[in-house]
Structures are given as C-alpha cells and as structure tokens.
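Undergrad: Residue numbers (our numbering): 174 to 467.
Supplied in structure tokens, the structure appears directly below.
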Ligand SMILES: [Zn+2]
C-alpha cells in the first residue's frame, strides 16, 4: 500500500504522509479526518501555500512528516482501505503490533485500536507472556485471558526476561500466579475425576497381569506410573498440550510393551486417552478466569 491511488477511487489523493524513514504515502484527507480527530484538527488549520519549492509540499500536495516508520504507517493506513485483509492480512509479530498500536492511540484512531485489540489475541499462542503484559497494560482483558491460558505451557516464572515485563506490576504477576495455581489444582482434580468416569474399555483397566489399586480401581502398573508422572507435570503446566507431549507416554508404552496383554492395544488406547483428556483439560481450564486490574 504505497499509494492510495492504487485503489481506483473516484476520490483523489490530496495529501502526502512522510514516514520517519522518508517514505511517502499518498492518501486522502477525508479518510484521515474521519479516522482520526488528530488529523481532522490538523487539516482544519489554515494550510500553507503549495509551491513546488516548498519543503512542505510535493507534486502540488501538502506533505505531513510523521514520526512512525514505513511498515507501521503502511499497516495503519492500509487498515482504512477496502482490500486490507486480502492484501496485508493479520499482524504477525508483537513488535509490529506495538508500533501500530502506539500510532493508532497517538492519532486517536478508535476503530484501529479496537481492531488491534482483537488482533493481539491471535499473537497470544506464539508469545503468551509478552501478549499478557501488553494486554494487561492496556486493559485488553480478553487478550490477557487468552495469553494467560497460553502461559500455562511454561511453569510460572520460567519465561526468562522480555522487554514488556517492565510494563506489568507485581500485582499483575501475583494475579497470573494465582491463575496458574488455580489451574494446577483443577488439572490435578480433573485427572483424579477421570478415574471415576473412565471408558472401561481401556486396556489398563482390563489387564489381568501386573495390577495395582489406585485408590478407586485396579489398573496396570505401567499405567499407574504414567498417571503419577502426568500429575506432577500437570501441576506446573496444567493444559492439554502437556498431555500431548510425547515423553511420558513413550516411556509408558515401552513399559506396556513388556505386558503380553497390553502390548498390542496400549498404543491405540493411549492415543485415544491423550486426545480425549487433553480436550477435557483445556475445557476445564477455560473455566478459570484471570483476575484483571481493578
Ligand atoms: Zn497389561
């Protein structure tokens, strides 16, 4: 989106916006005035005369110098053009989001700010802690909740340093810690409940060799070892993705392969269990609400 003239509107471009790195965007004052009270006020002021020698004009159009970079302006202005989604798509990185969000706030472009709030949610899976910090800082509670869920992939505090950590308070981190603790407890009880609502067809409930009482029923020894290990891991990383991780299950299946009864059925049953339990776990975790700043 270098020039709004690419768009074949009957409206004529009537202003040039120059980025901090010297790129010129030819655009419409009318659209900018509708989008932003800041631009609206700017264009309402008496305009200097447009001569070819004036540094404030080019090709007979007024030039407005802005502090934002070319990529940020390209995104910001592009969002006001009809084929935005088709051409530019979603914002793909937290860094780009930050720059565009900052510019949208500065120019009071409310529609873009709202749209960017939704966009931030789509970055929560890839960079949960950075998104949590930004969403919390700007009061974007839905994005913060989605990010908090994705932070469960890493034990609390195991995320290392990142720049946005400076934007959150001790209170914000305490609320995230409470969220992790509540999810850990719920994951543990969900796993225990699972024993009472099981699909009795699983091989580890029906094997006649190497059984152990797990507190509610007899199960294969190898299965008991697997669930004990899973309970420990889930306490720190209480979400479905943890169940999908292969390491514990692989070890369990090696042990199961030594049992003549479980050997052939265990891999398929384990796969079925992991898929069902991971989905159940994520469903349960979605019930825990992250407390937001009051
Ligand atoms: Zn067995």
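Heads up, the beta-carbon is just placed ideally off N, CA and C, and yes, glycines get one too.
Thinking C-beta only, is residue 357 closer than 7 Å to residue 411?
TA: For residue 411 and residue 357, yes; Cβs fall inside 7 Å.
Undergrad: Do residue 337 and residue 307 have their C-beta atoms within less than 7 Å of each other?
TA: In this structure, residue 307 lies closer than 7 Å to residue 337 by Cβ.
Undergrad: Using three-state DSSP, classify residue 459 as helix, strand or coil.
TA: Coil, per DSSP.
Undergrad: Measure the CB-CB distance between residue 319 and residue 297 and report whether it falls below 7 Å.
TA: Yes, these two residues count as a Cβ contact at 7 Å.
Undergrad: Quick check on residue 197: does DSSP put it in helix, strand or coil?
TA: Three-state DSSP puts residue 197 in a strand.
Undergrad: Just to confirm, is the Cβ distance from residue 216 to residue 231 under 7 Å?
TA: Going by C-beta atoms, residue 216 is not nearer than 7 Å to residue 231.
Undergrad: If we count the other Cβ atoms within 10 Å of its Cβ and call it buried at 16 or more, is residue 209 buried or exposed?
TA: Answer is buried; the Cβ neighbour count reaches 16.
Undergrad: Which value, in whole angstroms, describes the spacing of the CA atoms of residue 404 and residue 388?
TA: Using only the alpha carbons, I get a separation of about 15 Å.
Undergrad: Following the continuous beta strand (DSSP E) through residue 234, name the residue where it begins and the one where it ends.
TA: Where residue 234 is concerned, the enclosing beta strand (DSSP E) stretches over 234-238.
Undergrad: Should the stretch 334-348 be regarded as contacting the stretch 433-440, the criterion being three or more beta carbon pairs within less than 8 Å?
TA: Result no; under three Cβ-Cβ pairs closer than 8 Å.
Undergrad: Who's in the neighbourhood of ligand 1, going by beta-carbon under 5 Å from any heavy atom, listed in chain order?
TA: Listed by chain position, these are 380, 393, 432, 434 and 435.
Undergrad: Quick check: what's the CA-CA separation for residue 317 versus residue 304?
TA: Distance between the alpha carbons of residue 317 and residue 304 is about 7 Å.
Undergrad: The beta strand (DSSP E) spanning residue 191 covers which residue range?
TA: Run containing residue 191: 188-191, per the beta strand (DSSP E) assignment.
Undergrad: Once you ignore the five residues that flank residue 178 on each side, which residues in its own chain have a CB closer than 7 Å to its CB?
TA: Below a pLDDT of 50, predicted positions are generally treated as unreliable, and residue 178, at 48, falls in that range; the measurement from the model is reported next regardless. Once the five neighbours on either side are set aside, the close Cβ partners of residue 178 are 186 and 199.
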